[in-house]
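Residue numbers (our numbering), protein chains in the order written: chain A, 30 to 545; chain B, 1038 to 1302.
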Amino acid sequence: MLVNLVKKNFYRDSVFLMALSNKVKSIDGVIDSSVMMGTDANKKLLTETGFFSKEGASASPNDLLICVSYNDKADIKKIMAGVENMLDVTVSRENAGSCVCENPKNIEEAIELQPDSNMAVISIPGQYVRYQSEKLLKKGVNQMIFSDNVSVEDEIHLKKIGVEKGLLVLGPDCGTAIINGVPLGFANVVRSGSIGVVAASGTGTQEVTTIIHKNGEGITQAIGLGGRDLKKEVGGLMAIEAIKMLEKDPDTKVICVVSKPPAPEVEEKVLGVIKNCKKPFVIIFLGSKTKQDDYGNLHFAGTLEDAALKSIAVLKNKKYSPKKKLPDNLGKIALKERKYHSKNQKYVRGLFSGGTLCDEAMFHLSESIGGIYSNIAVNPELKLKDRNVSFKNSFIDLGDDDFTRGVPHPMIDFTTRNKRMLQEAKDKEVAVLFFDMVLGYGAHPDPANAILPAITESQKIAKKQKRHITFITSICGTDLDPQGFNKQKEILENAGVIILPSNVTAARFTEKLLNG
Amino acid sequence: MPVFFEGKIHSVFENAVNINIPSQSDRRKSPREAFHSDDRLISLTHKKFFNGPNRIVLDGFSDLRHFFLGSENVKFERDKLFFSNAVTVNVKYSKRWNSSVKKICVGEIDTTAVSYYLKKYSFIKASLIEKFKVAVKLQNKELFNYNVDKLLGLGFGLTPSGDDFLAGFLSASHFFSELQPFDFFLKNTEINYSKTNFISAEYLRYARAGRISEVIANTVISVSEKKSTVEFWLTNLVNIGDTSGYDTLLGILTAMEVYNACKSC
């Protein structure tokens, strides 16, 4: 008896094919076998040797032709099942410790392994995001796209599918989200609560959620959107979808929206959607110069700290007066610190790993100390000519693409920031070194100890020149973060760093210190 | 190599990944073009296979099947190969290898070593090889093309034995093309590539075009010129695939025998 099995476009190396031929012979009932590519020459050869049957006729040169002769008492189904089994034996997965580690190699395998998962994080080269994201959307999986370099056309396309299917497409370039209590990307461990956050800003989300936590409340979800969602081209597609989702979520009582000022038409559209919601919203368009008064269910905030505290106040149905001044006790410390500086020490240098934190501090300080030079300045006149050289008051976003090309993000690796800190410390006109310290998942496991050598060395440089530099920071983190908030705080305090409760308070402290 | 192309993974083996570039693929060429514009196959291979046409040789991996799957999309731009599963291969700092064909001009080639390596191997019928040799030597176009056609796609393995034999013969012919029969053979041989599978067909195209892999080139040269490295290259050649290396060597030996026969006339 003879049977031919054709495997279409099936490629295995010669060693596999020869081994397969021998293995097939070991199946019960098999007399002989031949495994060849289905070329005309081979078909002819197999015909001559009595291996070829009509099933083999469909084989092309790119197909594998498995010819089996077997005795008439053998079960052909079992034989074919045995052959199929042998063909499917591909990669032996590595053992991890004592358990077998099942590493999915594609989306289909991942979904097969975890059929109940409904959220995926995509972190692959931007060019391929659309391909993988579409597959996930077809399977009904929400997603956070961590990748950057995704075209705006792809973003719009994917978000439209997401809206159509009622699925979240967070990003591209979405670095922070907390979904059902699970931190994704750079995110902090915060308590569960009743405040939902929708944010087009990574460190903005971190600052708001950690302040909410520090003040005794918690969040339901923190939905990151990616920096382009509220721009004209994308039109707030996912912001609106996220708002609608949180509006429907019974656990969410207050919704906090965090973004840089959107495109005017997008702002109008988003606010229009919000006005039709029943839940109260706290909105911060960071850097917006137009002050908006609260009305209806809309409550506006000017700083990230205010957004967090106002969300809590609205939740508790309490009145909230925005913090506008530095508390007196902190003001006194600032003035005392000011006395240590010489007349020549006039400037602050900000070294940030979080873009939004850098923005917020700059925005606040530029009103009181004048123009601040930066690598991310919107005003071309204030754009640093060389991002590696500071000028007067300068704030550097070290997480900007120009600094992170080919090197890890400054939240993970302190090399660039430490080096820059020493460079700034050598400048005799520098009075304040202002930096952010971000904790949480994704960030450095021990950031205080990572920056400590640069602080110590900078102090030595200053001391040698009979100067004093003030180090100012705020810790964006919680007591639940893996790095340990108090431990980090203690290390920095012992090193002489002044730690303020929020980024904006740190900016106000700097303002007081410089202006008196 | 700032050439741009898009393709798909065709096949994945333990030590090699083949990428198929559809012929309509968008290719923006640069002055320093790395790949021929009509190439359809690019391979990533382990360094133990040495350099070869359209081959990106990688080091430091254990099994490529852990990293790649068939049908994944591949893009090559800005010196990087981007795979849709997120693997990126940066070739910016890789060294470029060019296949070079050195014209062999010796009295008679000592084929003892080659014969020794092939002593137990004879898939392709001796009579077929003899007919082929005669046809090439006599520059009988119809006859050698008839035999080429019979050999195409014949035999075991991903690259069937007949194809490997032809690849070996074609490759060696470029080294011996100072002799008229080889030059005539190279100019007049007709290969119906559709008679074999994609990968094998591409290898035959390379061999025909004189784009010879490092291991084949060094085997031909070291045997012909009695170099001390002969064993090294022979061993490496016969270790390719299950029988592919042997089949290729048989093709090389056949070419050498034609060379010797021509020289003795």
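Virtual Cβ for every residue (Gly too), placed ideally from N, Cα, C.
Open item on the list: According to DSSP, simplified to helix, strand and coil, what is B:F1119?
Closed with: As a working mapping, residue 1119 of chain B is identified with position 82 in the second sequence. Secondary structure at B:F1119: strand, using DSSP grouped into helix, strand and coil.
TODO: Would you identify the three-state DSSP class for A:K375, choosing helix, strand or coil?
DONE: Position 346 of the first sequence holds residue 375 of chain A. Note: A:K375 maps to coil in three-state DSSP.
Task: Separation of A:V198 from A:K375, as counted between CA atoms - done: As a working note, residue 375 of chain A is residue 346 in the first sequence. As a working note, residue 198 of chain A is residue 169 in the first sequence. The alpha-carbon atoms of A:K375 and A:V198 are separated by roughly 46 Å.
TODO: Determine the burial state of B:A1163: buried for a count of at least 16 other Cβ atoms within 10 Å of its Cβ, exposed for fewer.
DONE: Indexing the second sequence from 1 puts residue 1163 of chain B at position 126. Exposed, since its Cβ has fewer than 16 Cβ neighbours within 10 Å.
Open item on the list: Would you say A:S98 lies against chain B (beta-carbon separation less than 9 Å)?
Closed with: Your numbering for residue 98 of chain A matches position 69 in the first sequence. Taking a beta-carbon distance threshold of 9 Å, A:S98 does not count as an interface residue toward chain B.
TODO: Give the straight-line distance between the Cα atoms of A:I248 and B:H1103, rounded to the nearest whole angstrom.
DONE: What you label residue 248 of chain A is simply residue 219 of the first sequence in a count that begins at 1. What you label residue 1103 of chain B is simply residue 66 of the second sequence in a count that begins at 1. Each residue's alpha carbon lies about 40 Å from the other.
Task: DSSP beta-bridge partners of A:V286 - done: Your numbering for residue 286 of chain A matches position 257 in the first sequence. Bridge partners of A:V286: A:V227 and A:I312.
- [ ] Verify the CB distance criterion: does A:Q172 have a CB-CB separation below 9 Å to chain B?
- [x] Residue numbering aside, residue 172 of chain A sits at position 143 when the first sequence is read from its first letter. It does not: the Cβ of A:Q172 has no partner Cβ on chain B nearer than 9 Å.
TODO: Express the C-alpha separation of B:R1115 and B:R1065 in angstroms, rounding to a whole number.
DONE: Counted from its first residue, the second sequence places residue 1065 of chain B at position 28. Counted from its first residue, the second sequence places residue 1115 of chain B at position 78. Since pLDDT at B:R1065 reaches only 46, below the 50 mark, its modelled position is unreliable, and no value is offered.
Open item on the list: Against chain A, with Cβ distances strictly below 9 Å, would B:L1286 count as a contact?
Closed with: Indexing the second sequence from 1 puts residue 1286 of chain B at position 249. So, not an interface residue.
Open item on the list: Taking 8 Å as the cut-off, does the region 1267-1282 of chain B touch the region 1224-1236 of chain B (at least 3 CB pairs, one atom from each stretch)?
Closed with: The answer is no - the region 1267-1282 of chain B does not touch the region 1224-1236 of chain B, with fewer than three Cβ pairs under 8 Å.
Task: For A:R378, the nearest candidate out of A:A103, A:G195 and A:I401 (CA to CA) - done: On the first sequence, position 349 is the one that residue 378 of chain A refers to. If we check each option's Cα against that of A:R378, A:I401 comes out closest.
- [ ] To the nearest angstrom, report how far apart A:E182 and A:M267 are at their CA atoms.
- [x] Mapped onto the first sequence, residue 182 of chain A falls at position 153. Mapped onto the first sequence, residue 267 of chain A falls at position 238. Here the C-alpha atom of A:E182 lies approximately 14 Å from the C-alpha atom of A:M267.
Open item on the list: What does the alpha-carbon distance come out to for the pair B:K1156 and B:L1287?
Closed with: Counting from 1 along the second sequence, the entry for residue 1156 of chain B is found at position 119. Counting from 1 along the second sequence, the entry for residue 1287 of chain B is found at position 250. Distance between the alpha carbons of B:K1156 and B:L1287 is about 10 Å.
Task: Spatial distance of A:L359 from A:S223 (CA atoms) - done: Counting from one through the first sequence, the residue named residue 359 of chain A turns up at place 330. Counting from one through the first sequence, the residue named residue 223 of chain A turns up at place 194. So the two alpha carbons sit approximately 31 Å from each other.
Open item on the list: In whole angstroms, give me the CA-to-CA distance for B:Y1183 and B:N1229.
Closed with: Counting from 1 along the second sequence, the entry for residue 1183 of chain B is found at position 146. Counting from 1 along the second sequence, the entry for residue 1229 of chain B is found at position 192. If you draw a straight line from the Cα of B:Y1183 to the Cα of B:N1229, it comes to about 11 Å.
- [ ] Would you list the one or two residues that DSSP bridges to A:Q172?
- [x] In the first sequence, the residue the question calls residue 172 of chain A occupies position 143. Looking at the DSSP output, A:Q172 sits in a beta bridge with A:A149 and A:V198.
Task: Neighbourhood of B:A1150 by C-beta distance below 8 Å, restricted to the same chain and skipping five residues each side - done: The residue you call residue 1150 of chain B lines up with position 113 of the second sequence. Closer than 8 Å at Cβ, skipping near neighbours: V1260, V1267, E1268 and L1271.
TODO: For the alpha helix (DSSP H) containing A:T534, list its first residue and its last residue.
DONE: Residue numbering aside, residue 534 of chain A sits at position 505 when the first sequence is read from its first letter. Segment N532 to N544, the alpha helix (DSSP H) holding A:T534.
Task: the region 1121-1136 of chain B: positions lying closer than 8 Å to chain A by Cβ - done: Listed in chain order, the positions of the region 1121-1136 of chain B with a beta carbon within less than 8 Å of a beta carbon of chain A are S1121, N1122, A1123 and T1125.
Task: Buried or exposed by the 16-neighbour rule on C-beta atoms within 10 Å, applied to A:G255 - done: Residue 255 of chain A sits at position 226 when you count from the first residue of the first sequence. Burial call: buried.
TODO: Give the single residue among A:A88, A:E334 and A:F39 whose Cα lies nearest to the Cα of A:N33.
DONE: Within the first sequence, residue 33 of chain A is the residue found at index 4, counting from 1. For A:N33, the nearest C-alpha among the options comes from A:A88.
Open item on the list: Distance check for B:I1058 and B:V1252, CA to CA, integer angstroms please.
Closed with: Here residue 1252 of chain B refers to the residue found at position 215 when the second sequence is read from its first residue. Here residue 1058 of chain B refers to the residue found at position 21 when the second sequence is read from its first residue. Our two residues, B:V1252 and B:I1058, have alpha carbons roughly 25 Å apart in a direct line.
TODO: Report the three-state DSSP secondary structure of B:F1087 (helix, strand or coil).
DONE: For the purposes of this step, residue 1087 of chain B is taken as residue 50 along the second sequence, with counting starting at 1. Note: B:F1087 maps to coil in three-state DSSP.
TODO: Just the C-alpha distance for A:K277 and A:C306, rounded to the nearest angstrom, thanks.
DONE: Here residue 277 of chain A refers to the residue found at position 248 of the first sequence. Here residue 306 of chain A refers to the residue found at position 277 of the first sequence. Taking the CA atoms as reference points, A:K277 sits about 10 Å from A:C306.
Task: B:R1133 (DSSP reduced to helix, strand or coil) - done: As a first step, residue 1133 of chain B is located in the second sequence; it is residue number 96 there, counting from the start. Looking at B:R1133 - three-state DSSP - the assignment turns out to be coil, as it is neither helix nor strand.
Open item on the list: Mapping the DSSP letters down to three states, classify A:T205 as helix, strand or coil.
Closed with: Here residue 205 of chain A is taken as the residue at index 176 of the first sequence, counted from 1. A:T205: strand per DSSP, three-state reduction.
- [ ] Please determine, among A:G210, A:K261, A:D258 and A:G264, the residue with the shortest C-alpha to C-alpha distance to A:H242.
- [x] Taking the first residue of the first sequence as 1, we reach residue 242 of chain A at position 213. Ranking the options by Cα distance to A:H242, first place goes to A:G210.
Task: Contacts around A:S317, its chain only, beta-carbon distance under 6 Å, and the 5 residues preceding and following it disregarded - done: Taking the first residue of the first sequence as position 1, residue 317 of chain A is located at position 288. Same-chain partners within the cutoff: P290.
Open item on the list: Tell me which residues share the same chain as B:S1301 and place their Cβ nearer than 8 Å to its Cβ, disregarding the 5 neighbours each side in the sequence.
Closed with: Walking along the second sequence from the start, residue 1301 of chain B turns up at place 264. Hits under 8 Å: E1145.
Task: A:I313 beta carbon less than 9 Å from that of A:V287 - done: Within the first sequence, the letter at position 258 stands for residue 287 of chain A. Within the first sequence, the letter at position 284 stands for residue 313 of chain A. Taking 9 Å as the Cβ cut-off, A:V287 and A:I313 qualify as a contacting pair.
Task: Test: A:T119 CB closer than 9 Å to a CB of chain B - done: Within the first sequence, numbered from 1, the residue matching residue 119 of chain A stands at position 90. Any answer about A:T119 is weak, because its pLDDT of 38 lies below 50 and its placement is not dependable; what the coordinates show is given next. At least one CB atom of chain B sits nearer than 9 Å to the CB of A:T119.
TODO: With 8 Å as the limit, tell me which residues of the region 148-170 of chain A have their beta carbon closer than that to any beta carbon of chain B; keep them in chain order.
DONE: Listed by position along the chain: S152, I153, P154, Q156, Y157, Y160 and Q161.
Task: Unbroken alpha helix (DSSP H) run spanning A:K273, endpoints - done: Taking the first residue of the first sequence as position 1, residue 273 of chain A is located at position 244. Annotation: the continuous alpha helix (DSSP H) that includes A:K273 extends over L266 to K277.
Task: A:T119 classed as buried or exposed, judged by whether at least 16 other C-beta atoms fall within 10 angstroms - done: As a first step, residue 119 of chain A must be located in the first sequence, where it is residue number 90. Because the pLDDT of A:T119 is 38, which lies under 50, any placement of that residue in the model is unreliable, and the number read from its coordinates should be weighed accordingly. Burial call: exposed.
Task: Rounded straight-line distance, which links the Cα of B:I1093 to that of B:E1070 - done: As a working note, residue 1070 of chain B is residue 33 in the second sequence. As a working note, residue 1093 of chain B is residue 56 in the second sequence. Annotation note: pLDDT 47 at B:E1070 (below 50); position unreliable, no value reported.
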